[in-house]
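Visitor: Dropping the structure in here first, questions after.
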Amino acid sequence: MKIVHLKNTQIAVGDPPLLNAAGLHAPYALRIIVELKTDAGIIGLSEIPGSQKIYLALEDLSSLLVGKDVFGLHGIKRLILEKFGTRDNERGVAPWDQRLLVHLFSAIEVACLDCIGKKLKRPIVDLLGGKSREKVPFAAYLFYKYEGAGGDLGFDIDSSKKGWWLARQQKALTPDQIVDQATAMCEEFGFKSIKLKGGALPPNEECNSMLALREAFGEDTPLRLDPNAIWSLPTAIECGKRLEGILEYYEDPVRGQKNMALLAKEVNIPLATNMCTTSFDDLPSSIALASEHIILSDHHFWGGLQASMQLNKICETFGRGFSMHSNSHLGISMAAMTHLGAAVPHLDYALDTHYPWQEDEVIQGGKIPIQEGYVTPPDGPGLGVELDRDQLEKLHQNFLRCGLKERDDEIEMKKVNPEWEFKLQRW
Ligand code: GKR
Ligand code: MG
1086 MKIVHLKNTQ IAVGDPPLLN AAGLHAPYAL RIIVELKTDA GIIGLSEIPG
1136 SQKIYLALED LSSLLVGKDV FGLHGIKRLI LEKFGTRDNE RGVAPWDQRL
1186 LVHLFSAIEV ACLDCIGKKL KRPIVDLLGG KSREKVPFAA YLFYKYEGAG
1236 GDLGFDIDSS KKGWWLARQQ KALTPDQIVD QATAMCEEFG FKSIKLKGGA
1286 LPPNEECNSM LALREAFGED TPLRLDPNAI WSLPTAIECG KRLEGILEYY
1336 EDPVRGQKNM ALLAKEVNIP LATNMCTTSF DDLPSSIALA SEHIILSDHH
1386 FWGGLQASMQ LNKICETFGR GFSMHSNSHL GISMAAMTHL GAAVPHLDYA
1436 LDTHYPWQED EVIQGGKIPI QEGYVTPPDG PGLGVELDRD QLEKLHQNFL
1486 RCGLKERDDE IEMKKVNPEW EFKLQRW
């Protein structure tokens, strides 16, 4: 089954004003939808984070991939590697990953697997070795936030919404408001674990929110806090001591493997990362330093689903936990994440997802249901989802109108507070 064309569409998805260590989410999150057309008439889909650099590289790839067999994934990856080499291979200091190659691998691999699954009439989970579980646990993902809905509504509230879709627009800057956000999200989706995105308010206030969540949800609800590497080691030790026995894991409180390793010796909480150990090249030193207990995979950033399966095995071999990181995303990514989550043999934690924050959707039938905190992998062939072309066009028009080309949370934050600036270490 040969590739005949690659169509890449840049879209902008409404995203509320969420706070994090790098600033503030813009009213729109950027994604790219890839359609890989084959000579069998089958079209494979994938979704990746959007940026101009990645879009242009994907456009460049089109002619290189024409005529290649979708079953020849190693060869396809080699071609991509030869073309782009180590260009833009720095992860950067932002909470999100900015490397080119892994995004390209992931975009093309998932679309090829979607084609293969459609051809063989089997879901992607079967191409990854079959189901290790029937349904995949996801965690509630809380954010400090300003009031507002994102998208064209920006900082306004659309009061015609109901339930979570109304609650997700509320301001959340205090422990009580964070508990309200968690309550609304868990009522709607039934999540059984809760993560708070930290690094936004002074550390003591974030610890108070974790203690308030414990008080409200009890000790049977695992809790996590992720300050996105913006705390100093002494701050992370002090907060860690307050949160021992409260947190299921402590995600990237400090920057770099060495600091994580020092923290691991001082605080009795498992440490997780999607910022300090982020590639296969980072794994030997992570293991040698014992810097983290849990690696947060993400098929968009680890080079695809098969690479994430390999990561899963390495984690198991070295006694490391495995879970999943997420950025703002729609249903194509959700389907891919769920196939992976269902396939990995080694999984002790509920996966992250930003999905409840995005009301827009690009797949037919609307949003993939999250029930009782679980998602069942779609059982159709391949990813098991199809594009809603009207929605794709609407979200593409959003992209053209909104003028955003790259994610830059510092610029958005400066619109609210002109004095604000990103710091590698704030507290
Ligand atoms: O969307 O603000 C955000 C998050 O901070 C995101 O960018 C991170 O990549 O969710 C992520 C994380 O776990 O670090
Ligand atoms: Mg993180």
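Read the sequence shown against my numbering and you will find it ends at 1512, with the numbers running on by one and no gaps.
From the three backbone atoms N, C-alpha and C, an ideal C-beta is built for every residue, glycine too.
Here the structure is a predicted model, which means the values were calculated and not measured.
Only counting runs of 4 or more residues, tell me where the alpha helix (DSSP H) segments fall wholly within the region 1297-1322, in order along the chain.
Guide: Within the region 1297-1322, no alpha helix (DSSP H) run of at least 4 residues lies entirely inside it.
Visitor: Ignore the nearest five residues each way along the sequence and tell me which others in A1257's own chain have a CB closer than 8 angstroms to its CB.
Guide: L1227, F1228, Y1229, K1230, I1263, D1265 and Q1266
Visitor: Is it the case that the CB of M1360 approaches a heavy atom of the ligand MG more closely than 7 angstroms?
Guide: yes
Visitor: So A1435 is in the alpha helix (DSSP H); what residue range does that whole segment cover?
Guide: Unbroken run through A1435: none, as it is neither H nor E.
Visitor: State the CB to CB distance for the pair Q1443 and V1098, rounded to an integer number of angstroms; the pair is presumed to be in contact (CB under 8 angstroms).
Guide: Separation of the CB atoms of Q1443 and V1098 is rounded to 5 angstroms, and the pair is thereby assigned contact status at 8 angstroms.
Visitor: Look up H1090 in the DSSP assignment and say whether it is helix, strand or coil.
Guide: H1090 falls in the strand class under three-state DSSP.
Visitor: Determine, using beta-carbon pairs with one atom in the region 1464-1476 and one in the region 1195-1214, whether at least three such pairs fall under 8 angstroms.
Guide: Enough Cβ pairs lie closer than 8 angstroms, so yes.
Visitor: Please tell me whether E1336 and L1310 are closer than 8 angstroms, where the distance is taken between their beta carbons.
Guide: yes
Visitor: Restricting to runs no shorter than 4 residues, where is the alpha helix (DSSP H) found entirely within the region 1208-1247?
Guide: 1209-1212
Visitor: V1155 to L1390, Cα distance in whole Å?
Guide: So the two alpha carbons sit approximately 15 angstroms from each other.
Visitor: Would you check if the distance between the CB atom of F1386 and the CB atom of Q1095 is smaller than 8 angstroms?
Guide: no
Visitor: Thinking C-alpha only, which one of L1103, P1112, N1105 and K1206 is nearest R1486?
Guide: P1112
Visitor: Output the boundary residues of the alpha helix (DSSP H) element that contains V1501.
Guide: D1494 to V1501
Visitor: Taking just the CA atoms, how far does T1461 sit from R1207?
Guide: 15 angstroms
Visitor: Return the residue from the list E1323, K1326, A1301 and K1280 that minimises the CA-CA distance to A1357.
Guide: K1280
Visitor: So what does DSSP say about G1160, is it helix, strand or coil?
Guide: helix
Visitor: Starting from the N-terminal side, write out each stretch of the beta strand (DSSP E) that is 3 residues or longer and does not extend beyond the region 1320-1352.
Guide: 1332-1336
Visitor: Which full runs of the beta strand (DSSP E) of 3+ residues lie inside the region 1349-1391, going along the chain?
Guide: 1356-1358 and 1379-1382
Visitor: Does DSSP put P1134 in a helix, in a strand, or in coil?
Guide: strand
Visitor: Can you name the residues that DSSP bridges to D1154?
Guide: K1087
Visitor: Indicate, with yes or no, if the ligand MG has a heavy atom lying under 7 angstroms from the CB of P1180.
Guide: yes
Visitor: Given that a residue counts as buried once 16 or more other Cβ atoms are within 10 Å of its Cβ, and exposed if not, what is T1123?
Guide: buried
Visitor: Under 8 angstroms by Cβ, that's how I've got D1383 and S1411 pegged, so tell me the actual separation to the nearest angstrom.
Guide: That belief holds up - the Cβ atoms of D1383 and S1411 are roughly 7 angstroms apart, short of 8 angstroms.
Visitor: Does the region 1447-1456 come close enough to the region 1486-1504 to have 3 or more Cβ pairs within less than 8 angstroms?
Guide: no
Visitor: For the candidate residues L1480, G1108 and R1474, whose alpha-carbon lies nearest to that of L1286?
Guide: G1108
Visitor: Does DSSP put K1282 in a helix, a strand or coil?
Guide: Here K1282 sits in strand by DSSP.
Visitor: Can you tell me whether DSSP reads Q1482 as helix, strand or coil?
Guide: helix
Visitor: Which residue's Cα is closest to the Cα of T1438: V1187, Q1255 and Y1459?
Guide: Y1459
Visitor: Please state if the CB of F1240 and the CB of P1134 are separated by a distance shorter than 8 angstroms.
Guide: no
Visitor: Just tell me which of R1340, H1159, E1478 and F1276 has its CA closest to the CA of S1191.
Guide: Comparing Cα positions, the closest option is H1159.
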